[in-house]
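Asks: Handing you this structure, nothing more for now.
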Amino acid sequence: MGRPLPWLPVLLVLLPAAAFADEQCPMNVSRPAPENAYLVDDVLWAGEPKKAYPAAAYRSVQGGGYVLCTCETGACVRKCCPQNWAYVEGKCSELNASLDVKFEVPEFVNENGTVSTYETGHFHIVYGKPKCADKYRIMPSLRKTDSFRITKTGWLLQDESGATIARPDEFCLDSFSTENFQKLPVVCSREFMEN
């Protein structure tokens, strides 16, 4: 009938991994559910005292057990560069400890700078840039209309109109040396979003 296809076993091995990738948590961030977690009608019950997690908030793990999707059980904000790094000369660079630049999530930023910030610990910080082909930086110091707010749930909004600029997975924040280490968003251009 012909030669066997040598690549067929490789394809069959890759299919389960591809199917599992579709089940990742938002922003690809999760934590193990407590060992005593159990399901009742697609609701995961876990912790002491018991707390209910809807189907969107957990994933089953191959081999047994569950993970809780961190950004479904609480608010997340993405930091573009690794911890203790910032944008210096247009790229992520490790900061000198003497600079004392703390990463705080701004609540409101206008042309004069950061007006207010959230308390440390309000957001789970996810490190890394969002997956998109083209990004732009919002700079209220150059354009007054670029004033922005970050909601308690991590959405980026235009200050004047309240219009959504980006969902939590469509932007990251970081400090920029060229802007006196002000925290500014780097946003995915919607027409260039990668799937």
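Residue numbering for the sequence shown is -21 to -1, 1 to 174, as defined by mature numbering (1 follows the signal peptide of the UniProt record, and there is no 0).
We treat Cβ as the ideally placed atom computed from N, Cα and C, and that holds for glycine.
All of these numbers come straight from a predicted model, not from anything done at the bench.
How do the region 60 to 77 and the region 31 to 40 stand: do at least 3 beta-carbon pairs fall below 8 Å, yes or no?
Replies: No, the region 60 to 77 is not in contact with the region 31 to 40.
Asks: Taking Cβ to Cβ, would you say Cys55 is nearer than 8 Å to Cys4?
Replies: No. Outside cutoff.
Asks: How far does the alpha helix (DSSP H) with Glu14 in it reach, from first residue to last?
Replies: Taken as a continuous stretch (DSSP letters only), Glu14 belongs to no alpha helix (DSSP H), as it is neither H nor E.
Asks: Would you kindly check if the distance between the Cβ of Gly53 and the Cβ of His103 is under 8 Å?
Replies: Yes. Within cutoff.
Asks: Could you give the distance in angstroms between the alpha-carbon of Asn7 and the alpha-carbon of Arg57?
Replies: For Asn7 and Arg57, the distance between alpha carbons rounds to 11 Å.
Asks: Find out if the Cβ-Cβ distance for the pair Val22, Ala31 is shorter than 8 Å.
Replies: Contact flag set, yes.
Asks: Residues bridged to Ile117 by DSSP?
Replies: Ile117 pairs with nothing; no bridge assigned.
Asks: By alpha-carbon positions, which one of Cys60, Pro11, Asp20, Cys59 ends up nearest to Gln41?
Replies: The candidate whose alpha carbon is nearest that of Gln41 is Pro11.
Asks: My output table needs one value for Arg169: the three-state DSSP class, helix, strand or coil.
Replies: Here Arg169 sits in helix by DSSP.
Asks: Mind checking who Cys4 pairs with in its DSSP beta bridge?
Replies: Its beta-bridge partners do not exist; DSSP assigns none.
Asks: Rounded to a whole number of angstroms, what is the C-alpha to C-alpha distance between Leu78 and Tyr45?
Replies: Whole-angstrom Cα-Cα distance: 41 Å.
Asks: Pick out whichever of Thr132, Thr96, Asp20 has its Cα sitting closest to the Cα of residue 187.
Replies: Any property of residue 187 remains undetermined from this structure, which presents the chain solely from -21 to 174.
Asks: Can you say whether Asp20 is buried or exposed, counting buried as having 16 or more other CB atoms within 10 angstroms of its CB?
Replies: So Asp20 ends up on the exposed side.
Asks: In the DSSP assignment, the alpha helix (DSSP H) including Thr52 goes from what residue to what residue?
Replies: From DSSP, the alpha helix (DSSP H) with Thr52 extends over 49 to 52.
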